[in-house]
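Visitor: There's a structure below that I have some questions on.
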Amino acid sequence: MKYNYIFLTVFLLLNFNNIIAQIVFNNNIINTCTNDNPCDLSSKEVWTNNQVPLTNDDVVIDFSSVESTSNIYLVAQNFHISLNSFNITGPSSSPSITNLLINNSNLTVSVFTMSNLNVTIDGTKGIVYNLGNFKSYNTNLLVQGNGYINVTQTEILGEIPANFIGNVSFVSNGPASLQAPMNWSSQIGLLEFNGAVEITGPFNIASPIAFYQWVEISSNGTMNQVFFSDYFTIEGGSSVHIDQIDSLLSGSLVNVIEQSSLYLATQPFSPLNFFTIEDRSTLYLPSGGLINDLFRTGNGTLVITDSKKVTTFYLYQPYLSVTSLGSLELIGNLDTVTVTGQNSNVTLENVSNVNSISVNGLIFIDIAGSLTVSQQALAKNVLVSGSLTLYGGISSNRLDVTIFSSLIISNNSYVDSSVNSYGRTTIDSGCKIKSIVQKAGSTLAITSPGISILDGFTMVNGSYTTIQNASINNNEPIIKVNQFNLNNTQFDIQLIQGSNPADNDTILIVQSSDLANSNNIFEQTSIIIRINSQTRYTALNYKIESDSNGNVRAIFYKEKKPTNYTGVIIGTIFGGAVLIAIVVTILCCVSKRKKSHHHYHQHERKSLIHN
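Once you know that position 253 of the sequence shown is 252 in numbering that gives the first Met the number 0, the rest is easy, because the numbers rise by one and skip nothing.
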């Protein structure tokens, strides 16, 4: 029993300093706490029963029921102490009358709570405030000077702004909830969050800020320099401006979702593959650099905000739209591409697919490039050195196809352009073209009858046209055109599979008002009709005739009679045979003459010998 008593006494003595007492401010003296003579929290006169706070005490300053209309001024000057909690509350009806200044105090608190008042935390270099669970409710918080504030958790709530100025640093080691407006004008101090962060209030942060766990932002604001190593999410239709953002870990990710916007003043140092843009959200970037595949995108937009440099996209994001003021180099799959800058161009250097593209300058498809447009294309001019496939039409001043290049027009597309082709142009049935000029050495392939050329159709000498799937006795022309100009070119017409033309059957090749009464329009044009891609049709002869309605037809017939037609192989063979016969006859005559002459000379030589 004696030993138990001794043990208990020693235990109480050892833990005396750990006994927590509640120290309460004496509200009876608040009228003496003026601006000129603030109440000093290190003085015993301001506390109930003159009991000053000691280590690990709970400090309570409660003015919530005070009816004073005068301002109350408190100061904690050189208040070097470690407390369990510090709780100060001003009147909710007049939150601006209570003022607390904490200055040059190495203060350590497990739970620091303040509400409905004005609080200023100041300190010179070397002053450290360890404020534990830091809770600020509806408080006009001003943190200034050169001190260092270290907290375990952070809650800054309400509608009254929290302001950080000077060179102060603030480090939160646990979860943080920032609802109140945050203004951080310090450009030297550090703002660091080591726990998860929720930012729901407006913010303006000029200092570098680091997030080491996930952060969710559902409000508008600006940040200077951001480092993050987990998920950085902008949501709820928010708009965030960031001068510089960089990922600290390879697995980190920026999410712009729910119709939100992220504006970046500079290109990230890291590749852009840590971005997602979803839910009709937008990412704004300056021009220049290489934009690799985004991590993921769904129905989002990427905007290039200036035209200073060419931006290269290597993106396979079929739901992403790209809008740019400047020129682009594009590789990949996108939803829409819009370039609004004056004379800004788009260059395609590899296989690319887009739903629609609109360019205020030139679309240039490089020799190794390929562009497929599913819906609509719009450009000032288009230059194809690779391949261009149109499923929804295009509008441009010019569309030039260079040698060894290809243009494919399909799916009832309308090409509102003047096409000039040195390469291969393929047109499907139902497509319309403003005008087309096939240069020497070029090829035009019409996959099936029924194309329209609204203005002019010119085939330069040396060009070649193939028409596939032509049908017999069809009232729909293969080509419908206004103006037609053929210059010693060749038409190769392939009949539809299984065709067997009979006498007087026709193929309606061209319908044009420009061809009315122009019976000789095809005189310099070679027209070959085939039953497939290899075999020339020879069962019947055919001739080319035009009528007063501008219809140009190939007409099949049995009789072999002279007519205004081209491409009849029998005539060609007959003419060749006659020529060969004449040559053979001449050679025979010459041969006989030589033999006769030789015989005469032999006879003459014998006569001379005999003589």
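We put the beta carbon where it would ideally sit given N, CA and C, even for glycine. Every value quoted in this text rests on a predicted model; they were computed, and no experiment measured them.
Quick check on serine 69: buried or exposed, where buried means 16 or more other Cβ atoms within 10 Å of its Cβ?
Guide: When all chains shown are included, serine 69 counts as exposed.
Visitor: Would you call isoleucine 19 buried or exposed, if buried means 16 or more other Cβ atoms sit within 10 Å of its Cβ?
Guide: Its Cβ having fewer than 16 others within 10 Å, isoleucine 19 is exposed.
Visitor: Whose CA, out of Ser218, Pro500, Ile402 and Ser386, lies closest to the CA of glutamate 257?
Guide: The shortest Cα separation from glutamate 257 among Ser218, Pro500, Ile402 and Ser386 belongs to Ser218.
Visitor: Valine 309 and serine 326 look like a contact to me (Cβ under 8 Å); what is the Cβ gap, rounded to whole Å?
Guide: Between serine 326 and valine 309 the Cβ distance is about 5 Å, and since that is below 8 Å, they are a contact.
Visitor: Can you look up threonine 465 in the DSSP assignment and give me helix, strand or coil?
Guide: In the structure shown, threonine 465 sits in a strand (DSSP, three-state: E or B).
Visitor: Helix, strand or coil for serine 114? Go by DSSP, reduced to three states.
Guide: Strand at serine 114.
Visitor: Residues in its own chain within less than 6 Å of methionine 181 by CB, not counting five upstream and five downstream?
Guide: Same-chain partners within the cutoff: Ala161 and Phe202.
Visitor: Can you grab the Cα-Cα spacing for the pair leucine 116 / glutamate 154, in whole Å?
Guide: So the two alpha carbons sit approximately 16 Å from each other.
Visitor: Helix, strand or coil: how does DSSP classify isoleucine 29 here?
Guide: Three-state DSSP puts isoleucine 29 in a helix.
Visitor: If you compare alpha carbons, which of Asn472, Ile366, Ile432 and Asn411 is closest to serine 620?
Guide: For the chain, the structure presents residues 0 to 610; residue 620 sits outside this window and is missing.
Visitor: What residue from Thr275, Gln266 and Asn291 has the CA that sits closest to serine 260's CA?
Guide: Selected option, being the one with the closest Cα: Thr275.
Visitor: Could you please give the first and the last residue of the uninterrupted beta strand (DSSP E) stretch that includes arginine 397?
Guide: Segment 393-400, the beta strand (DSSP E) holding arginine 397.
Visitor: Where do the N-terminal and C-terminal ends of the beta strand (DSSP E) with lysine 542 fall, by residue?
Guide: Per DSSP, lysine 542 belongs to the beta strand (DSSP E) from 540-545.
Visitor: First and last residue of the beta strand (DSSP E) that includes tryptophan 46?
Guide: Where tryptophan 46 is concerned, there is no enclosing beta strand (DSSP E), given that its DSSP letter is neither H nor E.
Visitor: Thinking just about the alpha-carbon of each residue, which of Leu507, Pro174 and Trp46 is nearest to the one in glutamate 544?
Guide: Ranking Leu507, Pro174 and Trp46 by Cα distance to glutamate 544 puts Leu507 first.
Visitor: Spatial neighbours of glycine 200 within its chain, please: CB distance less than 7 Å, with the 5 preceding and 5 following residues excluded, ordered by chain position.
Guide: Counting only Cβ-Cβ distances below 7 Å, and skipping sequence neighbours, we find Leu177, Gln178, Ala179, Pro180, Met181 and Ser218.
Visitor: Quick one: Cα of isoleucine 366 to Cα of valine 350, how far?
Guide: So the two alpha carbons sit approximately 11 Å from each other.
Visitor: Just grab the DSSP bridge partners of tryptophan 183 for me.
Guide: Tryptophan 183 pairs with Phe163 and Ile204.
Visitor: Report the option in Gly368, Thr388 and Ser384 whose CA atom is closest to the CA atom of alanine 376.
Guide: Answer by Cα proximity: Thr388.
Visitor: Suppose contacts are defined by Cβ-Cβ distances below 7 Å. Is serine 228 in contact with leucine 252 by that definition?
Guide: Against a cut-off of 7 Å, the Cβ pair of leucine 252 and serine 228 comes out as no contact.
Visitor: Suppose contacts are defined by Cβ-Cβ distances below 7 Å. Is leucine 314 in contact with aspartate 292 by that definition?
Guide: Yes. Within cutoff.
Visitor: How about serine 441 and glycine 455: are their beta carbons less than 7 Å apart?
Guide: Contact flag unset, no.
Visitor: Quick one: what does DSSP say leucine 271 is sitting in, helix, strand or coil?
Guide: Here leucine 271 sits in helix by DSSP.
Visitor: Could you say which of Cys430, Gly392 and Ile120 lies nearest to asparagine 103 if we only look at CA atoms?
Guide: For asparagine 103, the nearest C-alpha among the options comes from Ile120.
Visitor: Am I right that lysine 438 and valine 459 are in contact with their C-beta atoms under 8 Å? What's the rounded C-beta distance?
Guide: Rounded, the Cβ-Cβ distance is 5 Å, consistent with contact.
Visitor: Would you please state the rounded distance, in angstroms, between the beta carbons of phenylalanine 24 and valine 45? I believe it to be under 8 Å.
Guide: The Cβ separation is near 6 Å, so the contact holds.
Visitor: Checking 7 Å against the spacing of the C-beta atoms, do phenylalanine 490 and isoleucine 530 come in under that value?
Guide: It is not a contact, given that the beta carbons lie outside the stated cut-off.
Visitor: Could you check if serine 532 is buried or exposed, using at least 16 other CB atoms within 10 Å of its CB as the buried criterion?
Guide: Under this definition serine 532 is an exposed residue.
Visitor: Taking glycine 449 as the reference, which of Cys430, Thr537 and Val302 has the closest Cα?
Guide: Closest by alpha carbon: Cys430.
Visitor: With 16 other CB atoms within 10 Å as the buried threshold, where does alanine 501 fall?
Guide: Result: exposed.
Visitor: Do you know offhand how far aspartate 35's Cα is from glutamine 266's?
Guide: Cα to Cα, the separation comes out at about 52 Å.
Visitor: Can you name the start and end residues of the beta strand (DSSP E) that phenylalanine 227 belongs to?
Guide: That run of the beta strand (DSSP E) goes 220-227.
Visitor: Determine the DSSP secondary structure at serine 171, reduced to helix, strand or coil.
Guide: Of the three classes helix, strand and coil, the one that applies to serine 171 here is strand, per DSSP.
Visitor: Pull up the distance between the alpha-carbon of isoleucine 96 and that of leucine 271, whole angstroms please.
Guide: One C-alpha to the other measures close to 50 Å.
Visitor: Per DSSP, alanine 444 forms a beta bridge with which residues?
Guide: According to DSSP, alanine 444 bridges with Thr425 and Thr465.
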